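Below is one structure, written out as structure tokens; comments come after it.
Chains as they are written, first to last, in UniProt numbering: chain Z, 1 to 337; chain D, 1 to 173.
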């Protein structure tokens, strides 16, 4: 029994100790009857129950006045609450009430108010305390370079944007598996690419390229660590860049359907136009004009521009009217009355 | 984080190093500050999303974070409060049978989003550590950092120009 009493003391409290130590019963009884200042809650509870059975008032411990009565108005509050701590009603000189009131009553006072203790308080973060902390932390901060004051300048000198996310929360584990995701964003106009390389890169990359903002977005999360994902993202960018500059043998088999934009040279439209013009010239028995001369003439160039605009930009009022004018000039038709 | 060892553009070398030299006099008096030669990482935007169940706690925290940013000289782009999300579910009230009697619980999550811009690596580290250490109980935070970098050396020019000619192998389809 004696050997077990040590841990019992810590775990079960003084009630358990006094009740289980059978051998020491007489000593225990003597203890609680003569020495109330064992400084234990069990001791005080016993006092409360025995008070009803006419105990002398000398056994009731007098409470010291709360610290709030000795606080000056201009005291240094950051020394009362230097760090985050629970709400102590005797240390906070404010008449705070909290709780749901009874009918025609007021909320409960702060003494022994569990609601005030439960809620996180910011008593350690008053504005003067924050200013003090920041003054001490200011030495560790560096200034942003003043030449990079706008987004465009940042974009011009530092084109690559790397986005990472950190997660802070309370729980059994501080790790969050979403923290390893890394997103790289680059505008293709900032990379050293020529026409063929840019088109090949866009084809290689597929959905990750946005035409409206000219932005390539690479999101990596296949590696377990964030640094590894970042390295992999840079590696992908390097490989894409260098591969797009290469011209493979099978690229010469690119058909019209693979083209991203409409090219008038060697298209049906060009053939038809030249054919028609040659036939017109032949029927008029004019001097034989060669294809190159026809191609170089103004009317054919106008027609070419209007067709290219229509195919690439879609049908707008402007484009349609331009096409109409160019066809009229090409075939020498006057507007019908 | 992978720190790049190359030096920044020539236009900025003067600006950045000059900035550091001007402060070295004041920093030498503080023995805790150590200056390294690595170039600073630059964060274009730092977005803090704070989530909690109690709106008043989040409001107090927002006041603290905004004041801390102002004192440390960080420019705040905007502070906005996305709408709260309520997750509700319905459970049976009794342990056994009584299907018609249920009890409903809900969890309300309030959000506050703080967007800061133009921070250096050291400033961001200092501010984030200060703000995260004083995060109250029951409040979570997501920090989205957007770092800006120059194009690495190996992407400046295509490598095929410099490599020696290699015999092309047959492409097997």
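For glycine and all other residues, C-beta sits at the position ideal for the given N, C-alpha and C. Remember, predicted model here, so these are calculated numbers, not experimental data.
- Within the region 152-226 of chain Z, the alpha helix (DSSP H) runs of at least 4 residues that lie entirely inside it are, in chain order, 195-205.
- In the structure shown, residue 121 (chain D) falls within a helical segment according to DSSP collapsed to helix, strand and coil.
- Between the alpha carbons of residue 277 (chain Z) and residue 331 (chain Z) lies a distance of about 8 Å.
- The C-alpha of residue 264 (chain Z) lies about 15 Å from the C-alpha of residue 299 (chain Z).
- Contact note: residue 39 (chain D) does not reach chain Z at a C-beta cutoff of 8 Å; the least C-beta distance is about 11 Å.
- Membership of residue 311 (chain Z) in the alpha helix (DSSP H) is indicated by the continuous run 298-313.
- From the beta-carbon of residue 251 (chain Z), no residue of chain D is found nearer than 9 Å; the closest lies around 11 Å away.
- Residue contact with chain Z for residue 98 (chain D): absent (no Cβ-Cβ distance below 8 Å to any residue of chain Z).
- Judged by DSSP in its simplified three-state form, residue 136 (chain Z) adopts helix.
- Residues are counted here when their Cβ sits less than 8 Å from a Cβ of chain Z; for the region 83-114 of chain D the count is zero.
- Here the C-alpha atom of residue 220 (chain Z) lies approximately 15 Å from the C-alpha atom of residue 146 (chain D).
- Under the 10 Å beta carbon count, residue 306 (chain Z) is surrounded by 16 or more other beta carbons and is classified as buried.
- For residue 148 (chain D), same chain residues with a beta-carbon under 6 Å away, outside a window of 5 residues either side, are 42 and 44 in chain order.
- Taking a beta-carbon distance threshold of 8 Å, residue 254 (chain Z) does not count as an interface residue toward chain D.
- Look at the region 66-82 of chain D: the residues with a C-beta under 8 Å from a C-beta of chain Z are 67, 68, 71, 72 and 73.
- Beta-bridge pairing by DSSP links residue 146 (chain D) to Z:163 and D:45.
- By the neighbour-count definition (other C-beta atoms within 10 Å, threshold 16), residue 100 (chain Z) is an exposed residue.
- What residue 164 (chain Z) touches in chain D, judged by beta-carbon distance under 7 Å, is 145, going in chain order.
- Residue 80 (chain D) is bridged by DSSP to D:113.
- In the DSSP assignment, residue 89 (chain D) forms a beta bridge with D:105.
- Counted as a single uninterrupted DSSP element, the alpha helix (DSSP H) harbouring residue 269 (chain Z) occupies residues 268-284.
- Chain-ordered, the chain Z residues with CB closer than 7 Å to the CB of residue 44 (chain D) read 154 and 161.
- For residue 126 (chain Z) and residue 78 (chain Z), the gap between their C-alpha atoms comes out near 8 Å.
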